[in-house]
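Here the structure comes first, spelled out in structure tokens, and everything after it is commentary.
Numbering (the numbering used here), first residue to last: 189 to 705.
What follows is the structure, given as structure tokens:
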């Protein structure tokens, strides 16, 4: 599924109108009718029912006039409130306002003198349609429109937003002053990034993408860089496992992980790799913990490295790990390795000598922050899997800056490091060095617990070891990981969910995706 920003969507619209020659009024008519159809399908408003439609002065408001006119033809009473008088409307919005009025509709002005009437209309309505502000909003909402939005949110009425919830930045998902909380958002043409990035994803509710007749050539000419996987698209990426395959067929994963107090991270990464379908998984661990891992792991093999008393990775472990990596199809470095100076030396050495695809996670990211050249020099692809704090260190910014523009941060890091970057968190962003990116739509708050990132690192490595290119393996692993979390939450709820619960559901996620072939 294509994901666009506001500028890309405007360019697609402009090409459709100015180059292809589709009248903008027809696109607006199609958009409004699509929302009306979604309302009828979802809420089934009865004849005589009442809907309040809030209309802005731009194209979003024009869509609202079409919605009101379409619902009115079905016997629904559509009361329209506008943020500006009719004389201020322009273009297609003015045209569709005129059509609504000439068809018998009436509008009222959203201004303080009408506050009591607006409150009464809200109280008497069955549904509210938010067509105030669309993808062009770039400043905080204030004044009576802001108070109207707050009233909508407090009304308790079902809310349908047009294209994006008013007050949500279509590019980043940020709230601009205040924002509508919708139960359903009908967006046009393509999914907007701000609808899948928090907090926009929370405000949007369920999102439907409506086809309003934009030609494929317009989208192709603009060339949007964003994507979001759906189950059918994920199924198309999954390789078919040959019926007569063996352990080696499905890939060998090497994991260098663990230190004092963090042996669980290594075990969870191995579990992610095994549940991700890897045929063989080996954990290279500080030699002092060999007995711990022999007891904790059944399916994964262990490789004690370094001196007998070593409790963290150091240069003495490098030769053993390098030799083991020669037989690996993918490797992971980082879960639970700690931040010791001697471990940093080992990590720098390992990224030079490991020649297979490599996933760098957790402590390895902190140790390598700012070392772009060292990672760019690798001949095989590297995948970085930071959480927001680690990402801030990678790009020399703050967590607040990262969270304010997650797509921008991930793309920045991918370009700097020449790596695939997986920025974890709600709305995980996977970015490639060439500027392409994916925003993930699976997963839930129950996954915000220690160890789930370790499971993901192992899962990414398993897909890499199975032969998928990193540009497919990383976003697919994120999608599967989130789906496994959703399946675990369905069974157990989100409170008290732990990383191993997620890992156990990975095979069920694969099964569900395969069923979409």
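By construction, the Cβ of each residue, glycine as well, lies at the ideal position given by its N, Cα and C atoms.
Just so you know, the alpha carbons of residue 202 and residue 402 end up roughly 10 Å apart. One thing to note: residue 418 has its Cβ no nearer than 7 Å to the Cβ of residue 579. Distance between residue 676 and residue 682, taken at the CA atoms: about 8 Å. Going by DSSP, residue 663 is part of the alpha helix (DSSP H) stretching over 658-680. Contact between residue 447 and residue 499 holds: CB atoms are separated by about 6 Å, below the 8 Å threshold. Relative to the Cα of residue 240, the nearest Cα in the group 211, 293, 278, 286 belongs to 293. At the C-beta level, residue 467 and residue 432 stay beyond 7 Å of one another.
Our two residues, residue 390 and residue 348, have alpha carbons roughly 13 Å apart in a direct line.
In the DSSP assignment, residue 223 falls within the unbroken alpha helix (DSSP H) covering 212-231. Between the alpha carbons of residue 474 and residue 540 lies a gap of roughly 20 Å.
With 16 or more other Cβ atoms from the protein chains shown falling within 10 Å of its own Cβ, residue 277 counts as buried. Within its own chain, the residues whose Cβ lies closer than 6 Å to the Cβ of residue 626, once the five positions on either side in sequence are excluded, are 415, 618, 663, listed in chain order. Bounds of the beta strand (DSSP E) holding residue 319 are 315-319. The C-alpha of residue 597 lies about 47 Å from the C-alpha of residue 234. Beta-bridge partners of residue 541 (DSSP): none assigned.
Listed as beta-bridge partners of residue 262 by DSSP are no residues whatsoever. Residue 567 sits in coil when the DSSP states are folded into three classes, being neither helix nor strand. Under the three-state reduction of DSSP output, residue 343 falls in the coil class, being neither helix nor strand. Burial of residue 379 is indicated by the presence of at least 16 other C-beta atoms within 10 angstroms of its C-beta. In this structure, residue 450 sits away from residue 393, with a CB-CB distance that is not shorter than 7 Å. Just so you know, the alpha carbons of residue 622 and residue 607 end up roughly 10 Å apart.
Closest in C-alpha terms to residue 242, from the list 207, 322, 208, 199, comes 322. Relative to residue 641, the option among 560, 531, 521 whose CA is nearest is 521.
DSSP places residue 481 in the uninterrupted alpha helix (DSSP H) bounded by 478-484.
For residue 242, the secondary structure class from DSSP, reduced to helix, strand or coil, is strand. Assignment of residue 385 by DSSP, reduced to helix, strand and coil, places it in the coil class. Apart from sequence neighbours up to five positions away, the residues of its chain that approach residue 668 with a beta-carbon distance below 6 Å are 697, ordered along the chain. Cα atoms of residue 311 and residue 343: separation of roughly 7 Å, rounded to the nearest angstrom.
Your pair residue 364 and residue 325 checks out as a contact, with CB atoms roughly 6 Å apart and the cut at 8 Å.
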